Amino acid sequence: MFVSGQGPQTPTGLHAYFSIGVGGGVPISIHEHKGIMLFALLGLWVGMHLFMHVRGQRARGVFIDEKVGEFDAGGIGGFLLGLLLTSIYFAVW
Numbered sequence: 012m013f014v015s016g017q018g019p020q021t022p023t024g025l026h027a028y029f030s031i032g033v034g035g036g037v038p039i040s041i042h043e044h045k046g047i048m049l050f051a052l053l054g055l056w057v058g059m060h061l062f063m064h065v066r067g068q069r070a071r072g073v074f075i076d077e078k079v080g081e082f083d084a085g086g087i088g089g090f091l092l093g094l095l096l097t098s099i100y101f102a103v104w
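With my numbering applied, the sequence shown corresponds to residues 12 to 104, in that order.
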């Protein structure tokens, strides 16, 4: 439901969850020997971060309605978390 006077709500959590999936996809694609999938995932993730930085630079450091650094922190943390959890899974099983 939209309320007049408020801007859009930023899905920072959505970016963190997307980054968890990308981070988890890296060991999976390496394990399955799918190099094209690996480069596609990493290219998409890096491209998304570059897009946020360019848009944030044009809007004085703000992407949608939050600082770009908040998106970076969630994205990098999510990527590392996905990488860690999937690597642990492959090491244990």
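Think of the CB as a built atom: it goes at the ideal place given N, C-alpha and C, for glycine as much as any other residue.
All of these numbers come straight from a predicted model, not from anything done at the bench.
Residue i (DSSP reduced to helix, strand or coil)
{"i": "E43", "result": "coil"}
{"i": "M12", "result": "Summary for M12: the model assigns pLDDT 45, below 50, so the residue's position carries little reliability, and this model does not support an answer."}
{"i": "A102", "result": "helix"}
Residue i, buried or exposed, once every other Cβ within 10 Å from all chains shown has been counted against 16
{"i": "V57", "result": "exposed"}
{"i": "F101", "result": "exposed"}
{"i": "V33", "result": "buried"}
Sub-9 Å separation of residue i and residue j beta-carbons
{"i": "L49", "j": "I41", "result": "yes"}
{"i": "L37", "j": "G93", "result": "The residue asked about is misnamed: residue 37 is Val in this sequence, not Leu. Yes, the Cβ-Cβ distance between V37 and G93 is below 9 Å."}
{"i": "A27", "j": "G80", "result": "no"}
Sequence-distant residues of the same chain with beta carbon closer than 7 Å to residue i, five excluded per side
{"i": "F74", "result": "M63, R66, G67, F82"}
{"i": "F13", "result": "Residue placement at F13 cannot be trusted, given a pLDDT of 48 that sits under 50; what the coordinates show is reported in the next sentence. Excluding positions up to five away in sequence, the list is empty."}
8 Å contact criterion, which residue i and residue j should meet: CB distance rounded
{"i": "G35", "j": "L91", "result": "Not quite, the Cβ-Cβ distance comes to about 11 Å (not below 8 Å), so this is no contact."}
Cβ shell of residue i (< 6 Å), same chain only, five flanking positions each side left out
{"i": "I31", "result": "G89, L92, G93"}
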